[in-house]
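Colleague: Before we start, here is the structure in question, set down as structure tokens.
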Amino acid sequence: MIIPSPGAMLANMRAACPLVHNITNYVVMNSTANALLAAGASPVMAHAPEEVEDMARLASALVINIGTLSAPWIDAMILAGKAAARKKIPIVLDPVGAGATSFRTRTVVRLLDEFPVTVLRGNASEVLSCAGESKTTRGVDSTAGSMEAREAAERVARGLGCVTVITGKVDVVTDGKRTLLVHNGHEMMRRVTGTGCAATALVGAFCGAGSDPLNDSAAAMAYYGLAGERAAVRSAGPGTFWIALLDELALISPSDLDAGSRIE
Amino acid sequence: MIIPSPGAMLANMRAACPLVHNITNYVVMNSTANALLAAGASPVMAHAPEEVEDMARLASALVINIGTLSAPWIDAMILAGKAAARKKIPIVLDPVGAGATSFRTRTVVRLLDEFPVTVLRGNASEVLSCAGESKTTRGVDSTAGSMEAREAAERVARGLGCVTVITGKVDVVTDGKRTLLVHNGHEMMRRVTGTGCAATALVGAFCGAGSDPLNDSAAAMAYYGLAGERAAVRSAGPGTFWIALLDELALISPSDLDAGSRIE
Amino acid sequence: MIIPSPGAMLANMRAACPLVHNITNYVVMNSTANALLAAGASPVMAHAPEEVEDMARLASALVINIGTLSAPWIDAMILAGKAAARKKIPIVLDPVGAGATSFRTRTVVRLLDEFPVTVLRGNASEVLSCAGESKTTRGVDSTAGSMEAREAAERVARGLGCVTVITGKVDVVTDGKRTLLVHNGHEMMRRVTGTGCAATALVGAFCGAGSDPLNDSAAAMAYYGLAGERAAVRSAGPGTFWIALLDELALISPSDLDAGSRIE
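Chains as they are written, first to last, in this note's numbering: chain U, 144 to 407; chain H, 144 to 407; chain Z, 144 to 407.
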């Protein structure tokens with residue numbers, strides 16, 4: 144299939160400067176906001192039940208991340224998700240740690256029941272847990288973009304009616320019918336906290352400015368992975384790597400992305 | 144008017160190493176603490192109602208920031224504000240997002256009613272919301288230090304009886320009678336999260352060590368803006384920019400600041 | 144006494160890649176997670192009462208830090224501590240700010256009463272407060288590894304039946320009978336927030352992979368201090384220093400550590 148130009152999608156996102164409403168975890172609030180700002184989007188972090196509906200109304204996309212989940216936040220996530228659904232803006236869910244504790248798995252299943260998710264992004268184990276397949280996750284090679292991961296992503300996408308992004312050495316992006324494989328990225332990304340969460344937020348930015356969640360998600364992942372590749376060249380370790388990655392998110396031009404993206 | 148030496152104020156702040164008690168948002172807790180440490184102040188972050196009064200008693204300044212506001216924190220802000228007022232230490236308020244949601248606007252109005260604020264720092268829209276002028280914010284050019292922003296800052300300062308700092312391309316610092324314009328700063332500061340919040344905290348440090356909130360605030364803004372200018376010269380993008388800015392906060396000497404500040 | 148090779152302990156930790164469960168403060172969640180990842184351990188941050196027992200069961204060590212304490216977190220700390228004790232994994236406690244407010248001092252005393260702590264790490268004032276000696280802390284030189292700090296550490300270790308680590312210019316590591324002094328470190332570490340908290344987390348990682356908390360703690364402190372020394376050489380200020388320190392945590396090899404550690 145012909146992939147629309149990821150560079151054009153990056154240019155479109157920057158021109159729109161979408162306001163991305165994040166209800167995310169304490170660990171990554173700062174790094175996620177900085178990734179969105181560096182990319183050219185506009186982040187807001189807000190979690191109070193008193194205002195999440197207002198924020199969802201102002202926003203172009205909603206990103207929900209359960210990384211440091213606690214009960215009071217679940218109500219806010221549901222209020223925000225329903226408001227975003229009414230406004231028909233994209234909702235991206237990052238089921239951090241689903242499958243690791245029953246509290247997280249239960250919560251993700253409940254969130255998926257309460258509002259429609261546009262894109263679900265996680266590693267293989269997390270994504271499978273969202274579809275009640277946690278017992279089968281042990282055997283899935285989440286790092287290799289294997290046929291098994293690909294089939295799992297497609298199955299979950301069809302089951303939930305959303306785009307599914309399973310990240311690993313190769314990222315699988317699928318709506319259950321069409322599947323794209325994104326080969327960008329660098330192993331150093333696993334040595335920095337919150338790199339997956341930032342990927343999810345960037346998917347939110349691209350989807351918030353775009354109209355095709357499948358291609359928007361693939362473009363976001365290629366862009367982010369390319370930033371990681373370029374950052375790795377000029378960094379000595381995980382500290383300088385993340386700082387360089389933020390730089391690269393700002394420095395990569397649409398034509399850089401078209402030249403460097405590896406989507407099949 | 145003659146501006147007291149900002150360099151002398153920086154030297155005074157470093158000599159005092161004021162303990163700045165921050166009740167601030169999750170996104171910027173780390174970056175704010177690092178900005179205060181780099182500058183030579185001593186930060187503490189504490190928000191439990193059980194201890195905020197104790198912290199306010201130990202501190203030389205209180206900084207309240209509503210960036211990731213939720214209801215339980217409001218009580219702590221009020222307790223801390225009243226304790227700081229009793230001790231007569233400076234209180235600096237950053238009304239992040241006031242005007243964006245009614246929850247924030249309502250909360251800021253309530254805080255301003257519960258305890259006296261020494262300095263109010265925000266962008267034009269936020270500051271005007273604190274004075275119930277949210278409907279007029281759309282027309283205010285917050286980026287240019289325009290006459291309109293200046294008049295608004297002076298009006299709010301007189302109305303609330305505090306120093307008002309409206310940040311933008313030019314920062315307006317006023318007590319309603321005297322007005323200073325600070326021309327330091329760099330546009331890259333808008334590409335990093337929490338730069339406004341760090342400015343607020345540095346105002347707290349300078350006020351905590353000083354005795355003249357108008358000039359203390361202007362000196363803090365000039366110092367911070369100069370750090371941004373110097374950081375921009377040696378950075379490739381928003382990642383390296385923030386790291387360089389922290390370095391510069393430590394590296395700028397009082398004589399550097401006197402030479403580089405542009406306050407009128 | 145003969146100190147086991149710190150380099151061998153680092154190699155052992157990296158081979159084990161221990162999952163370190165942190166219940167820590169908002170300010171340092173990101174920097175702590177990054178320090179653990181850079182070192183080669185695997186961090187998880189989770190604080191909901193609904194899941195902390197599950198997390199403790201998955202983890203190789205539990206690290207509790209009271210930096211931004213509030214009442215709802217205390218219950219989670221106790222649940223996690225008891226679960227970790229049942230599983231017999233090491234528990235490391237960082238009593239941030241104990242002695243500064245009665246809320247913190249009371250809480251630390253309660254935590255120490257509810258579950259057994261393997262290692263207690265703080266500065267002299269904080270550690271003494273854990274043993275009800277807060278009134279005597281004023282006279283203790285926390286920066287010099289003085290005889291007074293050493294005796295205090297040994298007294299607290301005997302009283303609480305744990306390893307005590309008092310950090311300062313020289314770190315004191317003792318179980319009350321055997322005492323090690325770690326001379327690694329750099330004064331720049333005091334200009335960055337969360338450096339003490341990251342030290343505590345690294346102690347958790349070494350203890351989680353090891354079997355001798357006294358020597359594990361000393362090796363962790365030497366490793367961390369050496370990273371600080373190496374980072375200081377290639378940094379211009381506190382911003383670049385912390386980023387370089389994360390790099391060095393990844394770059395230091397076991398033989399580097401054996402060559403550079405200064406434990407007596």
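Beta carbons: idealized from backbone N, C-alpha and C, even for Gly. This structure is a prediction, so every number in the text was calculated from the model and none was measured.
How about I468 (chain Z): is its C-beta nearer than 7 Å to some C-beta of chain U?
Modeller: Here chain Z comprises residues numbered 144 to 407, so residue 468 (chain Z) is not present and cannot be evaluated.
Colleague: L212 (chain Z) touches chain H at which residues, Cβ-Cβ below 7 Å?
Modeller: By 1-based counting over the third sequence, the position of residue 212 (chain Z) is 69. Neighbours of L212 (chain Z) on chain H, chain order: A191.
Colleague: Is R157 (chain Z) helix, strand or coil by DSSP?
Modeller: The residue given as residue 157 (chain Z) occupies position 14 in the third sequence. R157 (chain Z): helix per DSSP, three-state reduction.
Colleague: Which of the three DSSP states, helix, strand or coil, is assigned to V313 (chain U)?
Modeller: Here residue 313 (chain U) refers to the residue found at position 170 when the first sequence is read from its first residue. Coil, per DSSP.
Colleague: Anything in the segment 228 to 247 of chain U with a Cβ closer than 8 Å to a Cβ of chain Z? List those residues in chain order, please.
Modeller: Residues passing the 8 Å Cβ filter: G240, A243, T244, S245, F246 and R247.
Colleague: By the three-class DSSP mapping on this structure, what secondary structure does P186 (chain U) have?
Modeller: As a first step, residue 186 (chain U) is located in the first sequence; it is residue number 43 there, counting from the start. DSSP places P186 (chain U) in strand when its eight states are reduced to three.
Colleague: Indicate the three-state DSSP secondary structure (helix, strand or coil) for R334 (chain U) in the structure shown.
Modeller: Working through the first sequence from its first residue, we reach residue 334 (chain U) at position 191. Helix at R334 (chain U).
Colleague: Whole angstroms are fine: how far does the CA of E391 (chain Z) sit from the CA of A352 (chain Z)?
Modeller: Here residue 352 (chain Z) refers to the residue found at position 209 when the third sequence is read from its first residue. Here residue 391 (chain Z) refers to the residue found at position 248 when the third sequence is read from its first residue. Near 20 Å, if we compare the C-alpha coordinates of E391 (chain Z) and A352 (chain Z).
Colleague: Using 8 Å as the Cβ pair cut-off and three pairs as the minimum, do the segment 181 to 200 of chain H and the segment 154 to 170 of chain H touch?
Modeller: With a cut-off of 8 Å, the segment 154 to 170 of chain H and the segment 181 to 200 of chain H count as touching, because enough Cβ pairs lie within range.
Colleague: Ignoring anything shorter than 3 residues or poking outside the segment 161 to 220 of chain Z, list the beta strand (DSSP E) runs there in chain order.
Modeller: Whole beta strand (DSSP E) segments, 3+ residues: 162 to 166, 185 to 188 and 204 to 208.
Colleague: Cα separation between K278 (chain U) and S268 (chain U)?
Modeller: Along the first sequence, read from residue 1 onward, the residue named residue 278 (chain U) stands at position 135. Along the first sequence, read from residue 1 onward, the residue named residue 268 (chain U) stands at position 125. In this prediction, K278 (chain U) has a pLDDT of 49, which is less than 50 and means its spatial position is unreliable; what the coordinates show is noted afterwards. Answer to the nearest angstrom: the Cα atoms are 9 Å apart.
Colleague: Roughly how many whole angstroms lie between the Cα atoms of G337 (chain Z) and T343 (chain Z)?
Modeller: On the third sequence, position 194 is the one that residue 337 (chain Z) refers to. On the third sequence, position 200 is the one that residue 343 (chain Z) refers to. If you take the alpha carbons of G337 (chain Z) and T343 (chain Z), they lie about 10 Å apart.
Colleague: On a CA-only basis, which of U:V239, U:P259 and U:E257 is nearest V270 (chain U)? Give me that one, please.
Modeller: Position 127 of the first sequence, counting from 1, holds the residue named residue 270 (chain U). Answer by Cα proximity: U:V239.
Colleague: Report all residues from its chain with a CB closer than 8 Å to the CB of L369 (chain Z); omit the five preceding and five following residues, and keep chain order.
Modeller: Within the third sequence, the letter at position 226 stands for residue 369 (chain Z). Closer than 8 Å at the Cβ level, and outside the excluded window around L369 (chain Z), lie N327, E391, I395, D399, L400, G403 and S404.
Colleague: When DSSP labels each residue in this structure, what does D237 (chain U) get in the three-state scheme?
Modeller: Numbered from its first residue, the first sequence carries residue 237 (chain U) at position 94. If DSSP states are grouped into helix, strand and coil, D237 (chain U) belongs with the strands.
Colleague: Chain U beta carbons: is any one of them nearer than 7 Å to that of I386 (chain Z)?
Modeller: Against the third sequence, residue 386 (chain Z) aligns to sequence position 243. Yes, I386 (chain Z) counts as interfacial toward chain U.
Colleague: Thinking C-alpha only, which one of U:L323, U:D218 and U:S272 is nearest G242 (chain U)?
Modeller: In the first sequence, counting from the first residue as 1, residue 242 (chain U) sits at position 99. When each option's Cα is compared against that of G242 (chain U), the closest is U:S272.
Colleague: Could you compute how far the alpha carbon of T322 (chain U) sits from the alpha carbon of E297 (chain U)?
Modeller: On the first sequence, position 179 is the one that residue 322 (chain U) refers to. On the first sequence, position 154 is the one that residue 297 (chain U) refers to. So the two alpha carbons sit approximately 8 Å from each other.
Colleague: Can you tell me which residues form a DSSP beta bridge with T322 (chain U)?
Modeller: Locating residue 322 (chain U) in the first sequence gives position 179, counting from the first residue. According to DSSP, T322 (chain U) bridges with U:T317.
Colleague: By how many angstroms is the C-alpha of S360 (chain H) removed from the C-alpha of I309 (chain H)?
Modeller: Taking the first residue of the second sequence as 1, we reach residue 309 (chain H) at position 166. Taking the first residue of the second sequence as 1, we reach residue 360 (chain H) at position 217. Going from the Cα of I309 (chain H) to the Cα of S360 (chain H) covers about 11 Å.
Colleague: What residue range does the alpha helix (DSSP H) around V262 (chain U) cover?
Modeller: Taking the first residue of the first sequence as position 1, residue 262 (chain U) is located at position 119. No alpha helix (DSSP H) holds V262 (chain U); the beta strand (DSSP E) holding it covers V262 to G265.
Colleague: Check distances from the C-beta atoms of the segment 157 to 185 of chain U to those of chain H and list, in chain order, the residues that come in under 8 Å.
Modeller: Correct list: Y169, M172, N173, A176, N177, L180 and A181.
Colleague: Strictly below 9 Å CB to CB, what residues from chain Z border D438 (chain H)?
Modeller: Residue coverage of chain H in this structure runs from 144 to 407, which leaves residue 438 (chain H) outside it and unanswerable.
Colleague: Do V206 (chain U) and N165 (chain U) have their C-beta atoms within less than 7 Å of each other?
Modeller: As a working mapping, residue 206 (chain U) is identified with position 63 in the first sequence. As a working mapping, residue 165 (chain U) is identified with position 22 in the first sequence. Contact: yes.
Colleague: When the Cα atoms are used, what is the spatial distance from R334 (chain H) to M332 (chain U)?
Modeller: Here residue 334 (chain H) is taken as the residue at index 191 of the second sequence, counted from 1. Here residue 332 (chain U) is taken as the residue at index 189 of the first sequence, counted from 1. When rounded, the distance between both Cα atoms is 22 Å.
Colleague: Is it the case that the Cβ atoms of V235 (chain Z) and V346 (chain Z) are separated by a distance below 7 Å?
Modeller: To locate residue 235 (chain Z), count along the third sequence from 1; it is residue 92. To locate residue 346 (chain Z), count along the third sequence from 1; it is residue 203. Result yes, Cβ atoms of V235 (chain Z) and V346 (chain Z) sit closer than 7 Å.
Colleague: Closer than 6 Å by C-beta to G302 (chain H): which residues in its own chain qualify, once you throw out the five before and the five after it? Chain order, please.
Modeller: Taking the first residue of the second sequence as 1, we reach residue 302 (chain H) at position 159. For G302 (chain H), where only same-chain residues beyond five positions count, the Cβ hits under 6 Å are A274.
Colleague: Using 8 Å as the cut-off, can you tell me whether the segment 253 to 267 of chain U makes contact with the segment 218 to 226 of chain U, which would need three or more C-beta pairs spanning the two stretches below that distance?
Modeller: Touching, yes.
Colleague: Helix, strand or coil for S354 (chain H)? Go by DSSP, reduced to three states.
Modeller: The residue given as residue 354 (chain H) occupies position 211 in the second sequence. It is coil, neither helix nor strand.
Colleague: Suppose contacts are defined by Cβ-Cβ distances below 7 Å. Is F349 (chain H) in contact with A365 (chain H) by that definition?
Modeller: Looking up residue 349 (chain H) in the second sequence gives position 206. Looking up residue 365 (chain H) in the second sequence gives position 222. Not a contact, by the Cβ cut-off of 7 Å.
Colleague: So which residues on chain U does G337 (chain H) lean against when the C-beta distance must stay under 9 Å?
Modeller: Here residue 337 (chain H) is taken as the residue at index 194 of the second sequence, counted from 1. Within 9 Å Cβ-Cβ: N173, A176 and N177.
Colleague: Going by CA-CA distance only, name the one from H:K320, H:S289, H:E194 and H:N177 that's closest to G304 (chain H).
Modeller: On the second sequence, residue 304 (chain H) is found 161 positions in, with the first residue counted as 1. G304 (chain H) has its Cα closest to that of H:K320, out of H:K320, H:S289, H:E194 and H:N177.
Colleague: Tell me whether I386 (chain U) sits in a helix, a strand or coil according to DSSP, three-state version.
Modeller: For this step, residue 386 (chain U) is matched to residue 243 along the first sequence. Looking at I386 (chain U) - three-state DSSP - the assignment turns out to be helix.
Colleague: By how many angstroms is the C-alpha of N358 (chain H) removed from the C-alpha of P397 (chain H)?
Modeller: Indexing the second sequence from 1 puts residue 397 (chain H) at position 254. Indexing the second sequence from 1 puts residue 358 (chain H) at position 215. For P397 (chain H) and N358 (chain H), the distance between alpha carbons rounds to 15 Å.
Colleague: Who are the neighbours of E294 (chain Z) on chain U, taking C-beta pairs under 7 Å?
Modeller: Taking the first residue of the third sequence as 1, we reach residue 294 (chain Z) at position 151. In chain order: nothing, as chain U lies at least about 37 Å away.
Colleague: Counting only the same chain and skipping the five closest in sequence on each side, list residues whose C-beta sits under 7 Å from that of T250 (chain Z).
Modeller: Counted from its first residue, the third sequence places residue 250 (chain Z) at position 107. If we look at T250 (chain Z) and ignore the five residues flanking it on each side, its Cβ neighbours are I209, L212 and I217.
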